[in-house]
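S.K.: So the sequence lines, in the order shown, correspond to chains V, W, D, A, C and U.
Numbering-wise (the working numbering), the first sequence opens with residue 1 and increments by one.
Numbering-wise (the working numbering), the second sequence opens with residue 276 and increments by one.
Numbering-wise (the working numbering), the third sequence opens with residue 551 and increments by one.
Numbering-wise (the working numbering), the fourth sequence opens with residue 826 and increments by one.
Numbering-wise (the working numbering), the fifth sequence opens with residue 1093 and increments by one.
Numbering-wise (the working numbering), the sixth sequence opens with residue 1360 and increments by one.
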Amino acid sequence: MEEQRVKLSKKDVLRAFWKWTFFSHSNYNYERLQASGVLQSMSHIPEKLYPGDKEEQKKFMQRHMSFYNTEPHFGGIINGMVLAMEEERANGASIDDDAINSIKTGLMGPIAGIGDTLWQGTLQPIALAVGISIAAGGNVIGALVFALIMIGVMLPIGYFMYMKGYTTGKTGVEAILSGGKMKQIIQAASIMGATVLGSLTANYVTAKSTMNISVGSSTLALQTDILDKLLLGGVPLGITLLTLYLLKNKKMKSTTVMLILVIIGLICGATGILG
Amino acid sequence: MEEQRVKLSKKDVLRAFWKWTFFSHSNYNYERLQASGVLQSMSHIPEKLYPGDKEEQKKFMQRHMSFYNTEPHFGGIINGMVLAMEEERANGASIDDDAINSIKTGLMGPIAGIGDTLWQGTLQPIALAVGISIAAGGNVIGALVFALIMIGVMLPIGYFMYMKGYTTGKTGVEAILSGGKMKQIIQAASIMGATVLGSLTANYVTAKSTMNISVGSSTLALQTDILDKLLLGGVPLGITLLTLYLLKNKKMKSTTVMLILVIIGLICGATGILG
Amino acid sequence: MEEQRVKLSKKDVLRAFWKWTFFSHSNYNYERLQASGVLQSMSHIPEKLYPGDKEEQKKFMQRHMSFYNTEPHFGGIINGMVLAMEEERANGASIDDDAINSIKTGLMGPIAGIGDTLWQGTLQPIALAVGISIAAGGNVIGALVFALIMIGVMLPIGYFMYMKGYTTGKTGVEAILSGGKMKQIIQAASIMGATVLGSLTANYVTAKSTMNISVGSSTLALQTDILDKLLLGGVPLGITLLTLYLLKNKKMKSTTVMLILVIIGLICGATGILG
Amino acid sequence: MSISIIQAILIGLVYYLGINGTPWTTLLGSTILQKPLVAGVIVGFILGDPVQGAIIGAAIQLPFIAYISAGGAPPTDPGLAGTLGTALAMAAGVKPEAAIAMAVPIGLLGTIIWVLHMTIDVFFVHAIDRAADEGNMKKAVFYHVAMPQIVTLLLGAIPVALGCYFGSGVVTNIIELLQGRPLQTLEVIGGLLPAIGIAMNLRAISKPGILMWYVLGFILAVYLGLQTMPIAIIAGIVAYLYTDLIAKTEEKTVALDSSEDLDDDFI
Amino acid sequence: MSISIIQAILIGLVYYLGINGTPWTTLLGSTILQKPLVAGVIVGFILGDPVQGAIIGAAIQLPFIAYISAGGAPPTDPGLAGTLGTALAMAAGVKPEAAIAMAVPIGLLGTIIWVLHMTIDVFFVHAIDRAADEGNMKKAVFYHVAMPQIVTLLLGAIPVALGCYFGSGVVTNIIELLQGRPLQTLEVIGGLLPAIGIAMNLRAISKPGILMWYVLGFILAVYLGLQTMPIAIIAGIVAYLYTDLIAKTEEKTVALDSSEDLDDDFI
Amino acid sequence: MSISIIQAILIGLVYYLGINGTPWTTLLGSTILQKPLVAGVIVGFILGDPVQGAIIGAAIQLPFIAYISAGGAPPTDPGLAGTLGTALAMAAGVKPEAAIAMAVPIGLLGTIIWVLHMTIDVFFVHAIDRAADEGNMKKAVFYHVAMPQIVTLLLGAIPVALGCYFGSGVVTNIIELLQGRPLQTLEVIGGLLPAIGIAMNLRAISKPGILMWYVLGFILAVYLGLQTMPIAIIAGIVAYLYTDLIAKTEEKTVALDSSEDLDDDFI
Ligand SMILES: OC[C@H]1O[C@H](O)[C@@H](O)[C@@H](O)[C@@H]1O
Ligand SMILES: OC[C@H]1O[C@H](O)[C@@H](O)[C@@H](O)[C@@H]1O
Ligand SMILES: OC[C@H]1O[C@H](O)[C@@H](O)[C@@H](O)[C@@H]1O
């Protein structure tokens, strides 16, 4: 075994983590998204790995300007892994540009999916619902509670992921990702997320009919006398499922669907069908 | 492959479906139940399959006067299948009377079981509960809502089944019936049905004690002070389970069981135990 | 096969069961716990099995003075089994002291675990909750209802277990214990027990904050304006989980943990954090 | 309120149309009309007060809510309870609870009509047999469609019309006599009767373990105050997920079995 | 209210009968009497007010609701809390909440009595050993049944009777002194104590994942306002269905394993 | 209420800080500030009434509650709705419901700012490419950290500040004009819009069968009146237990497969 010439200190890794955490989206753009965020997060690394070697430092910089986009907290596991690979490479391991790049492009998609589901799809709506329920009555603490939940959960996750990526390295991360446990977590999070979205629909999508139907001498309120007996909240549920159908099965753009909802609202609101 | 001489048109099949739908029970009787319903639903078929051939037409008529009884909507799959077999037979396939008859008698039982569970055991009580909840306050729409739910669900099922039977034919239907998916649907429907029956017991079987118990100076209401603390609705639940026990384990006739309930009600009502 | 010389009558077995049921803990002590309870429950047996044979009777008595401790109702299955083994032995089967003793010591632990979970961990809290709900309003029947539930469930179980042990004998009992069904029952009872304990925590552990927080001009009630929005009953839940942690993970003695709770209560009560 | 001859005949017709096998979309149409929930409104309409008809009909529906008619002999006839029962209850001006108690014995009478038409129709089957031997399809259709309907119409509509016309006075008197404890006892009986339909239905779908789901539905309804619709939806979803898990376990066995067969083949 | 000598002795007897191992259907009988829920009513009856006894007893039961006594040394004695506690609380005329706060320290004192009788009974075991060596069954029975009961009776009934007779005045004074914040603090403590019984119970049945069910039960009770009985029924059914699914999965493995064993045998 | 220049600029700054990628702990910090729930309180604070800000902000948060921004082009900008929306709603003194209706079109305008900065930032990427070719890390960092922030600050803060300063009068007039049915219609629209966020989110996690869980959550919330937190906890636990069962079934298959591989190796 070859003797290790350069070694990143704990502090080097920590700095990279914090820079990634703070600046990943600083220069977010249509062409390469988080590309320069990756580079900047490791801006102190080349001088460490290739002290004085301008040529290698230049190659390092070029290497990390490729297209990159992932969910930053969970995706930190990739960044940590890349850092470990760069360290090995500087110590002579045969890791070429392609290897590093394909790891990045191969993993950024799935991990973004996982991360967005867990974070934006599950945790954030719950924390928002809690925050709103506190704030809606005029309680300024609601916003703070929301912020503390988000930071309290996400920052440790981000830290853990980055460090896990750095210490486990390439094979370790792939093992984690392909393991049954990871699959189960995603599955469980999706189920939890979907159930929570159901409760959000019930609590926050509102559509009630104000129409009355006259049958002979008696008058029936469409909403309370008929629709509510069939299924409480059936209209909001139906509208949300319609929205999903348009987005997913009809592959409409979300702005188009929003327009459709606005038109439905306009018509039903103006005619008094809903109100 | 032999060239096909006679072919039923889409319209022929449709007519058979509609006649079955309208007249299956027109001559319902103790001896052969829906036998002549099957024949009448295909009354336009013999002339099509054996134009001018009186003998074959006569045989066709005799063939379809055998005992038959199934749930008409789901059972349509058998009728459709039989129609397809008759068509093949007229085109020279070696399908004898026995084959057709054994298909009918073999499948009519299981499919009646499936159909009755799904329709009368599950859908109908739900639709009735909805209808009652609307109508009980004097809303005439309740009956209409019930009717629309029933027709809206059952007519498409009847149509789909009949056509499925005709197009898939014998082997297809057997494959469907023996497949795991069918087993699962029945299982799930039974579970759903049983759960719904539980809620019906809670909402519609009523039995409350009006007895009071005196302990020293204080008086206890048997129902609210004791029974309700043990199990809300325990008496109706117990009575329904007793009824089930008499019907199922003691194999009593339902009229006998009804008599027993009436007697229980008489005694408990007259003595004021229930009231 | 050898002819059977002595046989215990049904009455002999019943007497042993009842004596065990009444006197198992009569001389409960730190050194050998239920040891003399086992002996006394079979006090009429030696004379039956070894009529006139003083030596064998003495050995019998010595044999059953060894350390024994189990849950008496479920554990009766061991006692019944031991009785059957003694009978066989008296009829010449080669069952030595060790065999009998190892059966007792081997099974008493697991069965105590099962019994305590099912009885004290699951049934008793439920019956108590029912009894309390009746009695709390000043209804003297509550205690009776509790007593009847306990006796009505536990006495038949005790009887069944003892008789099962006697009739199935050694191999039978081991088969029962190692079978999947037994494992499932324990598992299900644990789940049920844990869920019930959750509801007990919700209903009987009480800890509400009476603190107010001033933010600018407005005053927030910590409990109703913030904590209840986060999680209803979060404080009692947290305290119970802390207690579990101290008991289980920190392996503290229950009296120590009780002291800690008292101190927490003192501080929070005196300062008005809880109240 | 008294019932006119015309009204009585119309109500008789409604009963006829609710007998299984009238030429409506059989079972779908007739079983809908057979429900007191539906017949009640129509009878109310005929008697000039559909709202009261809806209320009485919904009440009379209760003991028949889980009524299941499969093949053989039905234990009672919701159709008669819903038509004649509603008519007499409206004529006597009783409360919905008393209407239930009145309708239940009326329902039992209905089984006589059922037995009669199921027996008489046997003659027509034999007539169709003969038509088949002659190859005479027209005649077969006539004996299937027309003849049994005439019989059923006579067997059904006439007694109901007579019952409506002459029964209302009698019933009003009886109800008068039963005031107090007797009527209350009838109501107790009415409260017990839905148990029959439910138990028959349970028996029909009975499988090991199914009673647990039944109790679950009961507890959810009693303690959470849930109506039938939400319980049905929840139960449907949970049942699907549960049976799907079972199917997954069994798949494995099948997979296992077949793979073992494979092994056998290879050896 | 003051307690007479006779009343004090009767209450002492109730305490004695609730000690594990008195010649009632052991554990079944004695543990029932040991419950403050039960002892409270009886003490109330002795003191002439069973209704108040039921109320106080039900309250004192709360911190012991999930108390589990398995084998070794119990952390507290619900029996003493339920007898002496109820008696003193009734004598002092305090509210149920304050009764809880009083009963808890009393319960702790009870462990002394337990330790004493569990130690003294060791002598009797040795006496029975000697009886066994002599083959003297009568003597063995006497030392098992009679002697320990006399000891337990003295150890249990006397202190409780004395406590009732002399304690009531003292306790009334103390309660007087504690009015206001101190009593409120005692009530806070009383509210926390059921956590011990629950946690000990949870520890006893602890398996991986079991805490999830615990939290589930908690959430259902808190948010749906469900009482213990419906939760127990729902949990029982769901637990059965769930473990049945697990058993089904494991069956497959067993089936698999055994079939492989078969393969091995064949090769 | 009128908005001063200083207040307008401060609000502009809040908007800038809530744009994805400002040098706060990116996404964590900026997405928190981006929420109307949070921005509302801060804007309220700037305008001197944090309590009203909290109320308006919580209301405006509703249509964005399940908003998910993944990669590409966002359909709307909660940040603009939360800052400019809250400010104008407070200035016009409207009810929370009307604030929602006002904020939604404002949110749509925000996407323009997003498109602009996402496009302009492309120039900086190219500049960093050149820095990389020169091996000049300082320059690269400067173009990543400093330059885009200046652009975003100008693109974001200026229009918002202008909007606040000049918009309040206009908006007050418009709201005046819309009184009655028009405003009610806007409120209807506001009630529908959360459907978008929810549906986008559902689409993102969509797997076969997932809609059943969605409907389950809906039913539980509607019929049991459960809030989001208890449903989340219940769903989390049930989801874990459910997927664990599935994993157990699949393990068996894997175990089976691998054991068969073993068999193959041996033969
Ligand atoms: O049981 C099959 C079938 O039998 C008869 O035809 C009727 O009672 C139907 O309602 C039922 O579906
Ligand atoms: O743990 C087994 C057993 O131990 C002792 O005998 C007592 O505490 C019983 O209540 C318990 O069942
Ligand atoms: O989808 C991955 C990722 O894309 C962008 O970076 C942002 O929208 C993030 O919020 C998201 O997590």
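Glycine included, each C-beta is placed from N, C-alpha and C at the ideal position.
At 8 Å on the CB atoms, spell out the chain U contacts of V:ASP116, in chain order.
M.R.: ILE1427, ALA1429, ALA1563
S.K.: Mind checking whether V:GLY80 and V:TYR159 have CB atoms under 8 Å apart?
M.R.: no
S.K.: Kindly indicate if chain V contains any beta-carbon less than 8 Å away from that of D:ILE823.
M.R.: no
S.K.: V:PRO277 versus chain U: which residues are under 9 Å apart at the beta carbon?
M.R.: Beyond the ends of chain V as shown, which are 1 and 275, falls residue 277 of chain V; an answer cannot be given.
S.K.: Under three-state DSSP, which class holds D:SER768?
M.R.: strand
S.K.: How about V:GLY180 and U:ALA1606: are their beta carbons less than 8 Å apart?
M.R.: yes
S.K.: Use the C-beta contact count for A:GLU959: other C-beta atoms within 10 angstroms, 16 or more gives buried, fewer gives exposed.
M.R.: exposed
S.K.: Out of curiosity, what's the CA-to-CA distance linking C:LEU1119 and C:LYS1127?
M.R.: 12 Å
S.K.: Counting C-beta neighbours from all protein chains within 10 Å, is the total for D:LYS557 16 or more, i.e. buried, or is it exposed?
M.R.: exposed
S.K.: Closer than 7 Å: is that where the CB of A:LEU894 sits relative to any heavy atom of ligand 1?
M.R.: The sequence shown places Ser at residue 894 of chain A, rather than the Leu named in the question. Checking every heavy atom of ligand 1 against the Cβ of A:SER894, one is found closer than 7 Å.
S.K.: Would you check whether ligand 4 has a heavy atom nearer than 7 Å to the C-beta of C:GLY1301?
M.R.: As for ligand 4, it is missing from this structure, which binds only ligand 1, ligand 2 and ligand 3.
S.K.: Counting along the chain, where does the alpha helix (DSSP H) carrying W:THR380 start and finish?
M.R.: 372 to 393
S.K.: Helix, strand or coil for V:LEU274 per DSSP?
M.R.: strand
S.K.: How is D:LEU781 classed by DSSP in three states: helix, strand or coil?
M.R.: coil
S.K.: Residues in the same chain with beta-carbon distance under 7 Å from W:PHE298, minus the five sequence neighbours each way, listed in chain order, please.
M.R.: GLY312, GLN315, SER316
S.K.: Under 8 Å between beta-carbons, which chain D residues line up against C:ARG1222? List them in chain order, please.
M.R.: Those do not exist, as C:ARG1222 stays about 10 Å from chain D at its closest Cβ, beyond 8 Å.
S.K.: Hey, which unbroken runs of the alpha helix (DSSP H) at 4 residues or more fall wholly within the stretch 1400 to 1459 of chain U?
M.R.: 1409 to 1420, 1445 to 1451
S.K.: Verify the CB distance criterion: does V:SER199 have a CB-CB separation below 8 Å to chain U?
M.R.: yes
S.K.: How would you write the range of the alpha helix (DSSP H) that C:ILE1111 sits in, first residue to last?
M.R.: From DSSP, C:ILE1111 is part of no alpha helix (DSSP H); its letter is neither H nor E.
S.K.: Under 8 Å, Cβ to Cβ, is there at least one residue of chain D near U:MET1588?
M.R.: yes
S.K.: Taking the runs of the alpha helix (DSSP H) that are 4 residues or longer, which of them lie wholly in the stretch 1274 to 1311 of chain C?
M.R.: 1286 to 1297
S.K.: Name, in chain order, the residues that DSSP records as bridge partners for V:TYR68.
M.R.: Bridge partners of V:TYR68: V:LEU33.
S.K.: Is it the case that the Cβ atoms of A:ALA879 and W:ALA418 are separated by a distance below 8 Å?
M.R.: yes
S.K.: Please list the segments of the beta strand (DSSP E) lying wholly inside the stretch 404 to 465 of chain W, counting only runs of 3 or more residues, in order along the chain.
M.R.: none
S.K.: Rounded to a whole number of angstroms, what is the C-alpha to C-alpha distance between C:ASP1357 and D:ALA640?
M.R.: Model confidence at C:ASP1357 stands at a pLDDT of 35, short of 50, so the residue's coordinates are unreliable; what they give is reported in the following sentence. Roughly 41 Å between the two C-alpha positions.
S.K.: Looking at V:GLU31 and ligand 3, is the gap between the Cβ and the nearest heavy atom below 7 Å?
M.R.: no
S.K.: Would you give the residue range spanned by the alpha helix (DSSP H) that U:VAL1510 belongs to?
M.R.: 1506 to 1537
S.K.: With a threshold of 8 Å between beta carbons, is W:LEU512 in contact with chain C?
M.R.: no
S.K.: Between the beta-carbon of W:THR481 and the beta-carbon of A:GLY1016, is there less than 8 Å?
M.R.: Contact annotation: W:THR481 and A:GLY1016 have beta-carbon atoms nearer than 8 Å.
S.K.: Whole angstroms are fine: how far does the CA of V:ALA221 sit from the CA of V:SER209?
M.R.: 8 Å
S.K.: Work out the CA separation of W:ALA402 and D:ASP775 for me, nearest whole Å.
M.R.: 42 Å
S.K.: Quick one: list the residues of chain A neighbouring U:TYR1599, beta-carbon separation under 7 Å, in chain order.
M.R.: Within 7 Å Cβ-Cβ: nothing; U:TYR1599 doesn't reach chain A, min ~14 Å.
S.K.: When the Cβ atoms of the stretch 102 to 121 of chain V are set against those of the stretch 65 to 81 of chain V, are three or more pairs found closer than 8 Å?
M.R.: yes
S.K.: Return the CA-CA distance between U:ALA1505 and V:GLU56, expressed in angstroms with no decimal places.
M.R.: 26 Å
S.K.: Can you tell me whether V:ASN69 sits near ligand 3, meaning its C-beta is under 7 Å from at least one heavy atom of the ligand?
M.R.: Yes, the Cβ of V:ASN69 comes within 7 Å of a heavy atom of ligand 3.
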